[in-house]
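If you count the sequence shown from 1, position 42 lands on 42 in UniProt numbering, and the numbers rise without skipping. Just so you know, even glycine gets a beta-carbon here, dropped at the ideal spot from N, CA and C. What follows is a short report on a single structure.
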Amino acid sequence: MSSLIYLQGYPESVLQQVQQLIDKRQLARVLQQRYPDGHTINSDKALYDFTQDIRQRYLRNAQPLSKVLYDSKIRVMKHALGLHTAISRVQGGKMKAKAEIRVATLFRQAPEPFLRMIVVHELAHLREKDHNKAFYQLCCHMEPNYHQFEFDTRLWLTQQHLEGREG
Numbered sequence: 001m002s003s004l005i006y007l008q009g010y011p012e013s014v015l016q017q018v019q020q021l022i023d024k025r026q027l028a029r030v031l032q033q034r035y036p037d038g039h040t041i042n043s044d045k046a047l048y049d050f051t052q053d054i055r056q057r058y059l060r061n062a063q064p065l066s067k068v069l070y071d072s073k074i075r076v077m078k079h080a081l082g083l084h085t086a087i088s089r090v091q092g093g094k095m096k097a098k099a100e101i102r103v104a105t106l107f108r109q110a111p112e113p114f115l116r117m118i119v120v121h122e123l124a125h126l127r128e129k130d131h132n133k134a135f136y137q138l139c140c141h142m143e144p145n146y147h148q149f150e151f152d153t154r155l156w157l158t159q160q161h162l163e164g165r166e167g
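In structure tokens, the structure reads:
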């Protein structure tokens, strides 16, 4: 099951179901039926606005974001789906902190719920640095379908891999 690299850690029964969809060449069809529409969040400005809307709704008191952008240097297999960085510098005797979110460019073509899941995940890191229970509770607070979207994003990445279109 070398095509299931994005699904490592899932139970064998789930992997077998996914492999059956792949063997029957139905994975793309299933995803297309579940998520028929793309999104129009194609520019860095649109991504910043999209992210800020979610941040304002759920994390008003969190650290402000200085940048949100698509990053073509993020390779999904080597890094992650997105990156959150916090940079602290001393300027004029004061500590200045900046928070940035970068999303793999591949997600310009993804369904909107997958992009939202990545943004929610990276925003949750503004409050919780580790992937612990509190982190995932915050993700689910911002996006109640977080876990389903994460799994379906992994299915979509698997399909992209099979088609040779991964980032």
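From the DSSP output, read off the bridge partner residues of residue i.
{"i": "Y6", "result": "The partner list for Y6 (beta bridge, DSSP) is empty, contrary to what the question assumes."}
Of the residues the options, which one's Cα is nearest the Cα of residue i?
{"i": "P144", "options": "F50, Q20, Y58, D23", "result": "Y58"}
{"i": "residue 169", "options": "N61, P111, V30", "result": "No statement about residue 169 is possible, as the shown extent of the chain runs from 1 to 167 and does not include it."}
{"i": "L106", "options": "S43, P36, Q8, R60", "result": "S43"}
{"i": "Y35", "options": "D49, S66, Q109", "result": "Q109"}
{"i": "I118", "options": "N132, K98, Q148", "result": "Q148"}
{"i": "S66", "options": "Q26, Y136, L47, Q16", "result": "L47"}
{"i": "T51", "options": "R165, Q160, A99", "result": "A99"}
{"i": "S72", "options": "A104, N61, I5, H39", "result": "A104"}
{"i": "residue 196", "options": "K45, Q56, I74", "result": "Since the displayed the chain opens at 1 and closes at 167, residue 196 lies outside it and no answer follows."}
Where do the N-terminal and C-terminal ends of the beta strand (DSSP E) with residue i fall, by residue?
{"i": "Y70", "result": "65–71"}
Label residue i either buried or exposed according to how many other C-beta atoms from any shown protein chain fall within 10 Å of its C-beta, with 16 as the threshold for buried.
{"i": "D152", "result": "buried"}
{"i": "Q20", "result": "exposed"}
{"i": "P64", "result": "exposed"}
{"i": "A134", "result": "exposed"}
{"i": "V14", "result": "exposed"}
{"i": "L102", "result": "Per the sequence shown, the amino acid found at residue 102 is Arg instead of Leu. Answer is buried; the Cβ neighbour count reaches 16."}
{"i": "R116", "result": "buried"}
{"i": "P113", "result": "buried"}
{"i": "R154", "result": "buried"}
{"i": "E163", "result": "exposed"}
{"i": "Q16", "result": "exposed"}
{"i": "Q33", "result": "exposed"}
{"i": "Y70", "result": "buried"}
{"i": "Q159", "result": "buried"}
- Query: Which full runs of the alpha helix (DSSP H) of 4+ residues lie inside the UniProt domain "YgjP-like metallopeptidase" (93–148), going along the chain?
  - Reply: As far as the UniProt domain "YgjP-like metallopeptidase" (93–148) is concerned, its whole alpha helix (DSSP H) runs of at least 4 residues are 112–124, 133–142.
- Go through the stretch 2–49 residue by residue and report every complete run of the alpha helix (DSSP H) that reaches 4 residues or more, in order. Fully contained in the stretch 2–49 are the following alpha helix (DSSP H) runs of length 4 or more, in chain order: 12–23, 27–34.
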